[in-house]
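K.L.:
Dropping the structure in here first, questions after.
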Amino acid sequence: MSAPPARTLADLDGDVLAHCAGYLGARDVASLAMACRPLRAAAYCDAVWYRLFRDQWPFEKVPCEALRLRELYIRRHIEVRQMKFDDPLSTIYYLNPTETAPSHLMLDRNSMWFCQGPVAKKLNVDWSGAEVVETHKNHGARITCLRLFSLIDTPLFRSETQKNEKALVTSSTDRTIRLCWKGYSRCYKGHSGPVTALADKLLVDGESKVLASGGEDCTIRLWSMSTRAKSHPLIATFHGHEKTLSFLSVAWHKPSLLVSCSKDSKVKVWDTVAPSSGSSSCVGSTHLNSSGSPIAVKCHDSLCYIAAGSEVTAIDLRTMKKASVLALNDHRVLSCEMLPSEWLICTGLRDKALLWDIRKAQELRNTVVEMQSDGPVKLLHLDPYKVVTGVASNGQVHVRETRTGDLLNTLSCGEPARSGGRITVSAMAVEGCKIAMAGSSPEGNVLHYRDFLKSSTPVSLPGKEAGKDAGKEVSRFWRPQPFGDNGDDSEDEDY
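In this text, residue positions in the sequence shown follow the working numbering: the first is 1, and each later residue adds one.
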């Protein structure tokens with residue numbers, strides 16, 4: 001008796017495929033849709049996206065006569081990341097007035113990391129408030145850099161139950177580097193001066209990972225994250241820079257290459273798996289003719305973007321030649337954020353922020369958006385959905401749409417009504433639909449955290465038309481109302 005013919009995905013009906021897709025997340029469903037036509041039809045059905053919508057926003061009303069549920073999900077996904085609402089989860093945490101002002105803000109899921117002098121703290125945030133759950137007092141002097149790496153890539157990893165945890169890495173002017181996770185800690189010593197830079201990612205050396213650090217001693221040191229190197233973690237020291245290291249970044253096209261940038265705007269590329277150590281490991285070098293020290297560095301593909309003085313320079317790491325130079329003439333760059341995957345760079349200047357399309361030729365006007373400011377733009381964030389700009393002296397940040405520069409929201413740090421005095425904002429961190437700000441008020445130093453994921457009340461901006469059509473763009477999805485053709489066929493690229 002012959003065996004029955006094998007069944008393929010094409011043999012399954014739509015209901016079966018939709019049922020299977022119901023166990024996947026939004027990104028998995030999007031990947032499924034690109035596999036073949038039957039899977040695309042199953043992935044796009046309303047039953048799948050209704051379940052995804054309900055999982056993400058269980059209390060939001062779904063208009064039955066509106067767009068297809070996939071389009072509704074995408075619209076909601078974009079709106080919350082653009083922070084177009086008045087009712088986010090908002091938590092204000094007042095710090096001890098005698099303690100140092102917070103710095104080095106970093107968001108990690110529902111937590112916020114920050115530093116106060118030599119101390120690093122983790123603040124957990126939920127609907128009931130905020131609570132400091134971790135305090136690391138391992139350093140003897142000011143923390144200069146803070147990084148979060150997957151715990152599984154560090155020697156502190158012990159079991160599979162920890163695979164989603166993050167380990168904290170800090171550098172300090174006390175010449176040491178600390179690796180911490182909850183109650184565990186490791187100290188890395190070797191620099192002869194303050195440690196000023198940590199690599200943005202871990203380098204890849206075979207099956208193990210390597211941490212790179214740089215300091216005022218003008219050296220770069222490589223530290224093994226392998227458990228086998230517990231007693232001797234220092235594996236190499238690179239010499240070649242003449243000034244303090246400002247930034248270290250791992251190349252995207254080859255994760256064993258390290259890009260270093262010093263205060264004198266000299267850029268070097270190091271092969272971290274070369275058999276020898278020292279200056280012989282340097283495989284490329286160049287110098288930027290800038291009028292100031294570097295303030296931002298970002299690698300993407302085989303390019304490295306460096307902002308210094310009044311220029312943003314792209315260097316091809318394969319040839320060490322300048323691929324492009326974005327010159328702002330006499331305008332000094334105070335802050336810079338780069339989104340090379342979208343061909344965008346945003347620069348903060350003395351009285352405005354400029355968004356640039358780096359695909360356009362240098363002889364053409366390549367400014368996408370010009371966003372005016374009432375002061376120096378030293379706080380800046382850029383992602384595919386929004387640009388967030390901040391002026392330290394006025395205690396506010398402005399959220400704008402990336403492609404148009406239209407104002408979406410204005411957020412203050414702290415409670416103006418309570419303080420009744422001047423509020424400033426000194427640091428900012430943005431991740432998706434979450435934003436954290438650090439500042440000062442008459443009551444003392446303050447941390448302000450907002451999460452827009454579950455928001456539902458559209459923001460009302462000054463100058464918008466009052467009446468039934470006011471805020472229609474942001475409210476048409478949340479309120480039960482007639483839906484017409486909106487002429488907007490754009491979709492979130494993630495889905």
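Note that CB positions come from ideal geometry on N, CA and C, so glycine has one too. No experiment lies behind these values; they were computed from the predicted model shown.
1. Which partner residues of Val-250 appear in the DSSP bridge assignment?
2. Any chance the stretch 188 to 204 sits against the stretch 240 to 250, with 3 or more Cβ pairs inside 8 angstroms?
3. Got a sec? Which residues, its chain only, sit under 6 angstroms from Asn-124 by beta carbon, not counting five neighbours each side?
4. Per DSSP, what kind of secondary structure is Tyr-50 in: helix, strand or coil?
5. Could you tell me the alpha carbon to alpha carbon distance between Phe-452 and His-77, rounded to whole angstroms?
6. State the DSSP-derived secondary structure class of Ala-314, mapped to helix, strand or coil.
7. Looking only at its chain, what residues have a beta carbon closer than 6 angstroms to the beta carbon of Ala-296, apart from the 5 residues adjacent to it on each side?
8. Could you name the residues that DSSP lists as bridge partners for Tyr-305?
9. Three or more C-beta pairs closer than 8 angstroms, one from the stretch 233 to 241 and one from the stretch 163 to 177: is that the case here?
10. Roughly how many angstroms lie between the CA atoms of Asp-469 and Val-388, to the nearest whole one?
11. Do the stretch 367 to 381 and the stretch 408 to 416 meet, that is, are 3 or more Cβ pairs less than 8 angstroms apart?
12. Taking buried to mean at least 16 other C-beta atoms within 10 Å of its own C-beta, is Trp-113 buried or exposed?
13. Report the partner residues of Arg-147 according to the DSSP bridge assignment.
14. Can you find the residues in the same chain that come closer than 6 angstroms, C-beta to C-beta, to Asn-394, ignoring five residues on each side of it along the sequence?
15. What does Cys-282 pair with, by DSSP beta-bridge criteria?
16. Given a cut-off of 8 angstroms on the beta-carbon distance, is the pair Tyr-23 and Phe-53 in contact?
17. Considering only residues of the same chain and omitting the five flanking positions on each side of Ala-43, which have a CB-CB separation below 7 angstroms?
18. Does Thr-227 pass the burial test, meaning 16 or more other C-beta atoms within 10 Å, or should it be called exposed?
19. Round the Cβ separation of Leu-146 and His-104 to the nearest angstrom and send it over; I've been treating them as touching at under 8 angstroms.
20. Can you check whether the CB of Ser-290 is closer than 8 angstroms to the CB of Ser-324?
21. Determine the burial state of Ala-141: buried for a count of at least 16 other Cβ atoms within 10 Å of its Cβ, exposed for fewer.
22. Is DSSP giving Cys-36 helix, strand or coil here?
23. Which of the three DSSP states, helix, strand or coil, is assigned to Ser-341?
24. Excluding the 5 residues preceding and the 5 following Met-106 in the sequence, name in chain order all residues of the same chain whose CB lies nearer than 8 angstroms to its CB.
25. Here's a check: name, in chain order, each residue in its chain whose Cβ is nearer than 6 angstroms to the Cβ of Ser-440, leaving out the five neighbours to either side.
26. Between the stretch 377 to 384 and the stretch 331 to 347, do three or more beta carbon pairs fall short of 8 angstroms?
27. List, from N- to C-terminal side, the alpha helix (DSSP H) runs of 4 residues or more that fit wholly inside the stretch 63 to 97.
P.N.:
Reading off the structure:
1. Residue pairing from DSSP places Val-250 in a beta bridge opposite Leu-258.
2. yes
3. Spatial neighbours of Asn-124 in its own chain (CB-CB distance under 6 angstroms, excluding positions within 5 residues in sequence) are listed in chain order as Ser-111, Glu-131 and Val-133.
4. helix
5. 11 angstroms
6. Strand at Ala-314.
7. Ala-307 and Cys-336
8. Its beta-bridge partners are Lys-298 and Ala-314.
9. no
10. Because the pLDDT at Asp-469 is just 41, under 50, the model does not fix this residue reliably, and the value given afterwards should be weighed accordingly. The alpha-carbon atoms of Asp-469 and Val-388 are separated by roughly 26 angstroms.
11. The stretch 367 to 381, when compared against the stretch 408 to 416, does not touch it at the 8 angstroms Cβ threshold.
12. buried
13. Answer is Val-169, bridged to Arg-147.
14. none
15. Trp-270
16. Not a contact, by the Cβ cut-off of 8 angstroms.
17. Taken in chain order, the residues that qualify are Ala-21, Val-29, Leu-32 and Ala-33.
18. Classification of Thr-227: exposed, given that the 10 Å Cβ count is below 16.
19. For a cut-off of 8 angstroms, the C-beta gap from Leu-146 to His-104 is around 4 angstroms, short enough to register as a contact.
20. no
21. Burial call: exposed.
22. coil
23. helix
24. Met-112, Trp-113, Phe-114, Leu-146, Leu-148 and Ala-429
25. Thr-424
26. yes
27. 69 to 81
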